[in-house]
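Below is one structure; the comments refer to it alone.
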Amino acid sequence: MKTYLRIHPTDNVAVALAPLSAGTSVELDGISLTLAEDIPQGHKFALTDIPEDAQIIKYGYPIGIAKEDIHPGCWVHIHNIRTGLGDLLTYTYDRQAADVAPTEERFFQGYRRADGRAAVRNELWIIPTVGCVNNIATAIERKAQYLVKGTVDAVAAFPHPYGCSQMGDDQEHTRTILADLINHPNAGGVLVLGLGCENSNIDVLKGYIGDYDENRLKFLVCQESDDEMADALALLEQLAEYAGQFHREPISCSELVIGMKCGGSDGLSGITANPTVGAFSDLLISKGGTTILTEVPEMFGAETQLMNRCENEELFHQTVDLINNFKEYFKSHGQTIYENPSPGNKKGGISTLEDKSMGCTQKSGTAPVKGVLAYGEPVKEKGLNLLSAPGNDLVASTALAASGAHIVLFTTGRGTPFASPVPTVKISTNNRLYDKKNNWIDFNCGTLVEGDTLPELRDRFFDYVISVASGEEERFTAIIRKRYSSSVKAIFSALL
2 MKTYLRIHPT
12 DNVAVALAPL
22 SAGTSVELDG
32 ISLTLAEDIP
42 QGHKFALTDI
52 PEDAQIIKYG
62 YPIGIAKEDI
72 HPGCWVHIHN
82 IRTGLGDLLT
92 YTYDRQAADV
102 APTEERFFQG
112 YRRADGRAAV
122 RNELWIIPTV
132 GCVNNIATAI
142 ERKAQYLVKG
152 TVDAVAAFPH
162 PYGCSQMGDD
172 QEHTRTILAD
182 LINHPNAGGV
192 LVLGLGCENS
202 NIDVLKGYIG
212 DYDENRLKFL
222 VCQESDDEMA
232 DALALLEQLA
242 EYAGQFHREP
252 ISCSELVIGM
262 KCGGSDGLSG
272 ITANPTVGAF
282 SDLLISKGGT
292 TILTEVPEMF
302 GAETQLMNRC
312 ENEELFHQTV
322 DLINNFKEYF
332 KSHGQTIYEN
342 PSPGNKKGGI
352 STLEDKSMGC
362 TQKSGTAPVK
372 GVLAYGEPVK
382 EKGLNLLSAP
392 GNDLVASTAL
402 AASGAHIVLF
412 TTGRGTPFAS
422 PVPTVKISTN
432 NRLYDKKNNW
442 IDFNCGTLVE
452 GDTLPELRDR
462 FFDYVISVAS
472 GEEERFTAII
482 RKRYSSSVKA
492 IFSALL
């Protein structure tokens, strides 16, 4: 088993793949040194002398600036490294996009909707227009579980605290996200539950939903009903009868849309799980499929790599706007742009935002960027897309679903139990997390440092995602459906 790794030949730091003790001898790429102090798993140590104010190089790119002279074998972390990033930057397009070569077609067992779209689940969704009816929505969900039979996979309510007392783009984003979820193909039937007096009431929301199938979509205004529980169940029974007509059939992976997100990251995220997801993304794209990368603040410091992979100059300028608009958002609210990584990230070995971003963007693989999406905008282009959404796990994952992701792939080094409106596959970066929280984690990439090769792990992971798309439930979603109110299943925000 490898115990340390130099990611790129030009790096002046290496990463501990397992806890290393002071005094350990290191032999790496012709470099011999002795560790001067204990190095926790996922953390960095210097391979060479790094003078004060010199760049720290990891992944072949600068991830920060030395605060002091750092000697070979010394721990490199927040005590002796600072960010090297500035605020708004000027970018130049240097196209480095190369299409992924096509590979053999694959199929999953999915649902074909009446409008021709593909789905990986056949669920009944209850979507409140406003937080005032959240408790009614969850009560209806509990009462309606008898409808989960045949090909109806689940009944789930998606409570949220929005829909009224909002202004400007805040309210617009809520309406857009609600409409996106209502139109999502994973829902075989949807009950939209309104109060009646809210700003984003059903009549207003219909303008955002657009044309719809009356068999698939039902509306209930609680203030207009004598017994909203009875009326809701009657409508859900109609929806269940309609949704029950759909059955799984072979569908090409070219129709899959997969969202990619990381959270609770550690120093192994950019070495194991994120590269595996990136390799998966390239493989799915080679079969004609689509992936979506988001959490824009965690592109800061690695954005030029994405910009130079844009298919054309128009997409390059859209990506520049994606990055700079987010920076302006922080500045306009008096916030520090680079107040990142989180305490958990730092404990796991991530020292600066550049360090975090370089690991985060590994999920994008090598494919060219084919589309840039606004918050709540449905995906249109096959291939790799970039989506405007924050780093917040719950908001960003729901934004991925709203843009059309059938499944969200979520890599984590620290662990997290949340799920989103669509199947949310939890992928561990290290064996310790997988062993400790195997009720949370669906797939382990920690084996990549124990002898697995990236192509082997990619292929196993691809097969696993196909099984999820074909009906196998990701572990934690199954657990919360059995043990908890699904109010924890989908929480979203109109923060942007």
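To get the working numbering, take the position in the sequence shown, counting from 1, and add 1.
The C-beta atom is built at its ideal place from N, Cα and C for all residues, glycine as well.
Given a threshold of 16 other Cβ atoms within 10 Å of its Cβ, counted over all protein chains shown, does residue i qualify as buried or as exposed?
i: Pro344; result: exposed
i: Gly61; result: exposed
i: Thr399; result: buried
i: Arg484; result: Confidence at Arg484 is low in this model, with a pLDDT of 32, below 50, so its placement is unreliable and the value that follows should be read with caution. Counting Cβ neighbours within 10 Å, Arg484 comes out exposed, since fewer than 16 surround it.
i: Ala231; result: exposed
i: Ser494; result: Interpretation of Ser494 is limited by its pLDDT of 37, a score under 50 that renders its predicted location unreliable; the figure taken from the coordinates is listed afterwards. That one is buried.
i: Met300; result: buried
i: Arg23; result: According to the sequence shown, residue 23 is Ala rather than Arg. Exposed, by the Cβ-count rule.
i: Arg296; result: Rather than Arg, the amino acid found at residue 296 in this sequence is Glu. With 16 or more other Cβ atoms within 10 Å, it is buried.
i: His44; result: buried
i: Val489; result: The pLDDT assigned to Val489 is 34, lower than 50, so where the model puts this residue is not dependable; a value taken from the coordinates is nonetheless given after this. Exposed is the call here.
i: His72; result: exposed
i: Lys427; result: buried
i: Thr139; result: buried
i: Pro391; result: buried
i: Ile32; result: exposed
i: Glu451; result: exposed
i: Gln146; result: exposed
i: Ser365; result: buried
i: Asn431; result: buried
i: Gln42; result: buried
i: Leu90; result: exposed
i: Gln319; result: buried
Return the chain-ordered list of same chain residues with a C-beta closer than 8 Å to the C-beta of residue i, the five sequence neighbours on each side being excluded.
i: Gly65; result: Gln56, Ile57, Ile82, Arg83, Thr84, Gly85, Ser352, Thr353, Glu355, Asp356
i: Thr130; result: Gly164, Leu179, Val193, Leu194, Gly195, Leu196, Glu199, Ser201, Asn202, Ile203, Leu206
i: Glu250; result: Gln110, Gly111, Tyr112, Arg113
i: Ile272; result: Leu6, Ile8, Val16, Leu18, Gly360, Thr430, Leu449, Val450
Here's a check: name, in chain order, each residue in its chain whose Cβ is nearer than 6 Å to the Cβ of residue i, leaving out the five neighbours to either side.
i: His248; result: Thr152
Can you tell me where the beta strand (DSSP E) holding residue i begins and where it ends?
i: Val466; result: That residue, Val466, is in no beta strand (DSSP E); its alpha helix (DSSP H) goes 455-470.
i: Glu250; result: 250-253
i: Glu28; result: 26-29
i: Pro276; result: Here Pro276 belongs to no beta strand (DSSP E); instead the alpha helix (DSSP H) covers 274-287.
i: Gly65; result: 62-67
i: Thr35; result: 32-35
Would you list the residues sitting across from residue i in a DSSP beta bridge?
i: Ala15; result: Phe46
i: Thr292; result: Ile259, Leu385
i: Val373; result: Leu387
i: Cys198; result: Beta-bridge pairing links Cys198 to no other residue.
i: Val193; result: Ile128, Phe220
i: Thr413; result: Ser429
i: Ile40; result: Leu21
i: Gln56; result: Ile66
i: Ala158; result: Ile127
i: Ile338; result: According to DSSP, Ile338 bridges with nothing at all.
i: Asn309; result: Looking at the DSSP assignment, Asn309 forms no beta bridge with any residue, so it has no partner.
i: Ala403; result: BP columns for Ala403 are empty, so no partner.
i: Tyr5; result: Ala17
i: Asn445; result: Ser429
i: Ala188; result: Glu124
i: Arg572; result: Summary: the structure shown does not reach residue 572, with the chain confined to residues 2 through 497, and so no result is reported for it.
i: Ala119; result: Arg113
Which two residues bound the contiguous alpha helix (DSSP H) that contains residue i?
i: Pro344; result: 344-348
i: Tyr112; result: Run containing Tyr112: none in the alpha helix (DSSP H); it sits in the beta strand (DSSP E), 108-113.
i: Thr175; result: 169-183
i: Ile137; result: 135-144
i: Lys332; result: 314-333
i: Ala233; result: 229-244
i: Cys1; result: Absent from the structure is residue 1, since the part of the chain shown begins at 2 and ends at 497.
i: Lys207; result: 203-210
CB-CB under 7 Å to residue i, same chain, minus the five flanking residues each way: which ones, in chain order?
i: Gln97; result: Asn309, Arg310
i: Glu229; result: Ile137, Leu221, Cys223
i: Ser487; result: Only weak support exists for where Ser487 lies, its pLDDT of 32 falling under 50; the value from the coordinates is given anyway. So the list reads Glu142, Ala157, Ala158, Ile481, once near-sequence residues are dropped.
i: Arg118; result: Pro186
i: Phe463; result: Phe281, Leu284
i: Trp76; result: Glu38, Ile40, His44, Phe46
i: Asn507; result: Since the first residue of the chain shown is 2 and the last is 497, residue 507 is not available in this structure.
If contacts are defined as beta-carbon pairs under 8 Å, then residue i and residue j qualify, I think. What distance do you get, rounded to the angstrom?
i: Val409; j: Gly260; result: 4 Å
i: Thr175; j: Gly164; result: 6 Å
i: Cys254; j: Lys288; result: 5 Å
i: Ser389; j: Ala375; result: 5 Å
i: Asp12; j: Lys59; result: 5 Å
i: Asp88; j: Ile324; result: Asp88 to Ile324, Cβ: 11 Å. No contact.
i: Thr362; j: Leu316; result: Incorrect: roughly 16 Å between the Cβ atoms, too far for contact.
Spell out whether any CB of chain C is found under 8 Å from the CB atom of residue i.
i: Val153; result: The chain inventory of the structure shown lacks chain C, comprising one protein chain alone.
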